[in-house]
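Peer 1:
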Amino acid sequence: MSESPSRPEPFKAPVGTHDVLPPESSRWQALIARFADRVGRAGYGLVQSPMFEEIGVFSRVGEGTDVVRKEMYDFLDKGERHLALRPEGTASVARAFVQHRPTTPWKVWYAAPSFRYERPQAGRYRQHHQLGVEALGSADPDLDVEVIALLWDFYAALGLRQIELVINSMGTAEDRRAHVDRIRLWLGDRIDQLDPADAAKVADHPMRVLDSKRPVTIAAIVDAPRITDSLSPEAVAHFDRVRAGLDALGIPYRVEPRLVRGLDYYTHTTFEFISHALDAAQSTIGGGGRYDGLVESLGGPPTPGIGFGTGIERVLLTCEAEGVFPAPAAAIDLYVVDTTGGDAARDIAVDLHRHGFRVERAYDARSMKSQMKTADRSGARIALIIGSDELAAGIVTVRPLREDQPQRTVAREHLVAELRTLLSDPLPSPSEDHP
RNA sequence: GUGGCUGUAGCUCAGCCCGGUUAGAGCGCCAGGUUGUGAUCCUGGAUGUCGGGGGUUCAAGUCCCCUCAGCCACCCCA
Numbered sequence: 000m001s002e003s004p005s006r007p008e009p010f011k012a013p014v015g016t017h018d019v020l021p022p023e024s025s026r027w028q029a030l031i032a033r034f035a036d037r038v039g040r041a042g043y044g045l046v047q048s049p050m051f052e053e054i055g056v057f058s059r060v061g062e063g064t065d066v067v068r069k070e071m072y073d074f075l076d077k078g079e080r081h082l083a084l085r086p087e088g089t090a091s092v093a094r095a096f097v098q099h100r101p102t103t104p105w106k107v108w109y110a111a112p113s114f115r116y117e118r119p120q121a122g123r124y125r126q127h128h129q130l131g132v133e134a135l136g137s138a139d140p141d142l143d144v145e146v147i148a149l150l151w152d153f154y155a156a157l158g159l160r161q162i163e164l165v166i167n168s169m170g171t172a173e174d175r176r177a178h179v180d181r182i183r184l185w186l187g188d189r190i191d192q193l194d195p196a197d198a199a200k201v202a203d204h205p206m207r208v209l210d211s212k213r214p215v216t217i218a219a220i221v222d223a224p225r226i227t228d229s230l231s232p233e234a235v236a237h238f239d240r241v242r243a244g245l246d247a248l249g250i251p252y253r254v255e256p257r258l259v260r261g262l263d264y265y266t267h268t269t270f271e272f273i274s275h276a277l278d279a280a281q282s283t284i285g286g287g288g289r290y291d292g293l294v295e296s297l298g299g300p301p302t303p304g305i306g307f308g309t310g311i312e313r314v315l316l317t318c319e320a321e322g323v324f325p326a327p328a329a330a331i332d333l334y335v336v337d338t339t340g341g342d343a344a345r346d347i348a349v350d351l352h353r354h355g356f357r358v359e360r361a362y363d364a365r366s367m368k369s370q371m372k373t374a375d376r377s378g379a380r381i382a383l384i385i386g387s388d389e390l391a392a393g394i395v396t397v398r399p400l401r402e403d404q405p406q407r408t409v410a411r412e413h414l415v416a417e418l419r420t421l422l423s424d425p426l427p428s429p430s431e432d433h434p
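Written out as structure tokens, the structure is:
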């Protein structure tokens with residue numbers, strides 16, 4: 000028997016979570032930056048809300064949904080408070096609105112994790128990340144159009160083409176309630192024609208049965224009443240204006256009267272973006288809708304609102320499937336190679352950082368060959384070489400790695416100026432922030 | 001929560017059906033190819049609780065059981 004001490008079992012990320020490491024993380028940064036830019040230009044400001052809330056914030060707004068009934072990560076803290084990790088983005092933002100009462104229209108965006116206790120699979124995690132916007136305080140159908148257009152444009156800017164927009168109207172809160180009752184009765188009369196799994200849902204979630212994927216059920220409900228046939232005049236007018244707006248902007252869409260979203264606070268417009276490039280089961284990459292009663296249900300004044308969320312993981316998965324939006328190239332311009340022990344590399348690298356350059360260096364006093372190898376792999380355009388000769392003479396050998404040009408030496412005191420010229424593209428001065 | 005498939009070096013995998021010397025490949029990593037120069041090429045090297053536990057056996061990466069994890073699907077949704 001070996002006497003070697005047993006190593007502790009290595010830890011792994013919890014089920015359904017994942018680490019995002021370089022270079023993949025640079026795609027995340029770029030994606031979020033694109034999003035922030037697009038929605039920022041439309042007047043949306045960043046909102047940062049807590050990752051957990053009193054459980055009531057979520058249960059109040061989604062008591063009938065699986066997302067809050069079965070999938071919430073809830074816990075008691077040391078003060079016996081019943082809290083929950085947020086399962087979706089809208090409720091937290093609505094709670095913040097109620098708490099702070101900002102002037103309306105209040106338009107915000109977020110990039111934040113959501114948590115749901117589900118079995119993970121392709122495109123589905125227990126912690127996933129959403130980009131989203133919420134606009135509160137206006138019932139203007141043009142706002143519905145604006146919000147949908149933001150997401151449409153975002154996908155388009157990434158280069159995604161195989162995206163379908165599906166929209167529906169749930170009508171006013173009264174329309175919705177009446178329709179749910181009507182559907183429940185209608186399905187109740189045909190309950191034995193449904194797939195048993197769907198039949199079980201009729202009492203609690205009749206609407207859910209309508210977007211069933213089971214062939215037996217699909218056949219049984221072809222003639223089910225459609226909400227679009229029984230909307231109030233007010234709701235019809237709203238929906239008409241939303242469609243007219245999308246038409247005017249040239250945004251293609253399909254009206255799907257059976258579209259049912261996972262949260263049951265929606266009124267009027269609901270929408271979903273579906274990727275046809277994904278062969279996984281999870282093809283919805285974004286969705287949202289209007290929620291005119293939500294703020295009130297959280298104790299605020301009657302306040303209309305609309306928003307969407309789109310899953311970063313799924314969007315990136317779709318980008319991969321369509322072969323668009325690759326990870327940005329390496330961000331390093333210079334690599335310092337020092338064979339004199341490393342002090343020169345330390346001084347030059349930090350000095351160049353302070354002057355705004357993007358610089359890396361080798362550590363551990365490796366051989367020159369090894370350092371050059373690393374320099375090459377770093378993607379740097381130029382290696383700055385310091386050997387004993389350079390050190391003694393107060394110079395640096397500047398060796399281009401990407402272009403076929405001879406290397407040359409530059410005096411240390413002229414290095415910054417020389418490199419600025421050499422790299423040609425304008426670099427920010429040390430005081431400014433990077434672009 | 002239910003079901004199917006898969007777990008062997010950092011990564012991708014072979015070996016398992018037909019148990020048997022020090023467990024392999026490619027890529028990656030490290031070093032060297034004469035005295036200071038990368039991406040090619042050549043040579044050499046390091047690294048494995050064969051997911052974990054139990055069992056069968058003279059002997060298990062290979063067979064059996066349990067368990068955990070990953071993937072995929074149901075469900076649900078981003």
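So the first sequence is residues 0 to 434, counted in numbering that gives the first Met the number 0. In this text, a Cβ means the ideal position worked out from N, Cα and C, and glycines have one as well. In this text, all values refer to a predicted model and were calculated from it rather than measured experimentally.
#1: Assign Val14 to one of two classes, buried (16 or more other C-beta atoms within 10 Å of its C-beta) or exposed (fewer than that).
#2: Where Arg225 and Thr64 are concerned, what is the direct C-alpha to C-alpha distance, given to the nearest angstrom?
#3: Helix, strand or coil for Gln47? Go by DSSP, reduced to three states.
#4: Who are the near neighbours of Lys106 in its chain, counting only those whose CB is closer than 6 Å to its CB and skipping five residues on each side?
#5: According to the neighbour-count rule (16 or more other Cβ atoms, all chains shown, within 10 Å of its Cβ), is Phe188 buried or exposed?
#6: Based on DSSP bridge pairs, tell me the residues matched to Pro112.
#7: Compare the C-alpha of Ala365 against each of Asp350, Val208, Gly386 and Arg353 and name the closest.
#8: If the criterion is Cβ atoms closer than 8 Å, does the pair Val201 and Val208 meet it?
#9: If we ignore side chains and look at the alpha-carbon of each, how far apart do Ala51 and Tyr290 end up?
#10: Can you give me the C-alpha to C-alpha distance between Ala344 and Ile31, rounded to a whole angstrom?
#11: Short of 6 Å in beta carbon distance, which residues of its chain neighbour Thr338, apart from the five on each side in sequence? Order them along the chain.
#12: Are at least three pairs of beta-carbons, each pair with one atom in the stretch 314-323 and one in the stretch 291-301, less than 8 Å apart?
#13: Check each candidate in Glu233, Gly286 and Arg411 and name the one with the smallest Cα separation from Trp151.
#14: Let's see if you can read the secondary structure: which residues bound the beta strand (DSSP E) around Arg398?
#15: Could you tell me which residues DSSP pairs with Val335 in its beta bridges?
#16: Which first and last residues belong to the alpha helix (DSSP H) in which Val202 is found?
#17: For the alpha helix (DSSP H) that Thr317 lies in, which residues bound it at each end?
#18: Are the stretch 92-107 and the stretch 116-126 touching by the rule of at least three beta carbon pairs closer than 8 Å?
#19: From Glu321, Gly306 and Leu245, pick the residue whose C-alpha is nearest to that of Leu277; which is it?
#20: DSSP three-state call for His81: helix, strand or coil?
#21: If distances are taken between C-alpha atoms only, which option among Glu70, Glu53 and Val67 comes closest to Asp76?
#22: Check whether the stretch 260-273 and the stretch 155-170 are in contact - that is, three or more C-beta pairs closer than 8 Å.
#23: How long is the line joining the alpha carbons of Leu45 and Gly306, rounded to whole angstroms?
#24: Report yes if the C-beta of Pro205 is less than 7 Å from at least one heavy atom of the ligand MN; otherwise report no.
#25: Cutting at 7 Å between CB atoms, please list the residues of its own chain near Ala374, excluding the five before and the five after it.
#26: Just to confirm before moving on: does the CB-CB distance between Thr408 and Thr420 stay below 8 Å?
#27: Tell me the DSSP bridge mates of Lys372?
#28: Considering just the uninterrupted stretch of the alpha helix (DSSP H) at Thr216, what are its terminal residues?
#29: From the DSSP output, which residues share a beta bridge with Phe74?
#30: Note down, in chain order, each residue of its chain lying with its Cβ closer than 6 Å to the Cβ of Thr302, except the 5 sequence neighbours on either side.
#31: Counting C-beta neighbours from all protein chains within 10 Å, is the total for Val221 16 or more, i.e. buried, or is it exposed?
#32: Can you give the Cα-Cα distance for Arg85 and Ser113, rounded to whole angstroms?
#33: Does the Cβ-Cβ distance between Val146 and Trp108 come in under 8 Å?
#34: For Thr309 versus Glu233, is the C-beta distance shorter than 8 Å?
#35: Closest to Asp342 by CA distance: which of Asp363, Ala110, Glu402 and Thr103 is it?
Peer 2: The short version:
#1: So Val14 counts as exposed.
#2: So the alpha carbons of these two residues sit roughly 21 Å apart.
#3: Here Gln47 sits in coil by DSSP.
#4: Answer for Lys106: Gly42, Tyr43 and Ala134, listed in chain order.
#5: With the sequence shown as reference, residue 188 is identified as Asp, and Phe is not the correct amino acid for it. The residue is exposed, with fewer than 16 neighbouring Cβ atoms inside 10 Å.
#6: Looking at the DSSP output, Pro112 sits in a beta bridge with His128.
#7: Inspection of the sequence shows that residue 365 is occupied by Arg rather than by Ala. For Arg365, the closest alpha carbon among the candidates Asp350, Val208, Gly386 and Arg353 is that of Gly386.
#8: Between Val201 and Val208, the C-beta gap is smaller than 8 Å, which places the two residues in contact.
#9: A small fix is needed here, since residue 51 is Phe in this sequence, not Ala. Distance between the alpha carbons of Phe51 and Tyr290: 21 Å.
#10: Note on geometry: alpha-carbon atoms of Ala344 and Ile31 lie some 34 Å from one another.
#11: Taking Thr338 as the centre and dropping the five residues before and after it, the same chain places the C-beta of Met367 and Gly386 closer than 6 Å to its C-beta, in chain order.
#12: Taking 8 Å as the limit for Cβ pairs, the verdict is that the stretch 291-301 does not touch the stretch 314-323.
#13: Of Glu233, Gly286 and Arg411, the smallest CA-CA separation from Trp151 is found for Gly286.
#14: Here the beta strand (DSSP E) through Arg398 covers Ile394 to Pro399.
#15: DSSP links Val335 through a beta bridge to Arg360 and Leu383.
#16: In the sequence under discussion, the amino acid at residue 202 is Ala, which differs from the Val named in the question. No residue range can be given for Ala202, since it is assigned to no alpha helix (DSSP H) and is classified by DSSP as neither H nor E.
#17: Unbroken alpha helix (DSSP H) run through Thr317: Ile311 to Glu321.
#18: For the pair of segments examined, the stretch 92-107 was found not to touch the stretch 116-126: the number of CB pairs separated by less than 8 Å stays below three.
#19: When each option's Cα is compared against that of Leu277, the closest is Glu321.
#20: Reduced to three states, the DSSP call for His81 is strand.
#21: Selected option, being the one with the closest Cα: Glu53.
#22: A contact is defined here as three or more CB-CB pairs under 8 Å, and the stretch 260-273 meets this definition with respect to the stretch 155-170.
#23: Cα to Cα, the separation comes out at about 14 Å.
#24: Although the ligand MN was asked about, the structure shown includes no ligands whatsoever.
#25: In its chain, beyond the 5 residues on either side, Tyr334, Val336, Ala382 and Leu400 have a beta carbon closer than 7 Å to the beta carbon of Ala374.
#26: Not in contact: Thr408 and Thr420 (Cβ atoms no closer than 8 Å).
#27: Bridge partners of Lys372: none, in fact.
#28: Element bounds for Thr216: Pro214 to Ala219.
#29: Answer by DSSP bridge pairing, in chain order: Leu82.
#30: Taking C-beta separations shorter than 6 Å and ignoring five residues to either side along the sequence, the partners of Thr302 in its chain run Leu135, Gly136 and Val294, following chain order.
#31: Exposed is the call here.
#32: Taking the straight line joining both Cα atoms gives about 6 Å.
#33: Note that the C-beta distance between Val146 and Trp108 is not below 8 Å.
#34: Their beta carbons are not under 8 Å apart, which means Thr309 does not touch Glu233 by this criterion.
#35: Closest option to Asp342, Cα to Cα, is Asp363.
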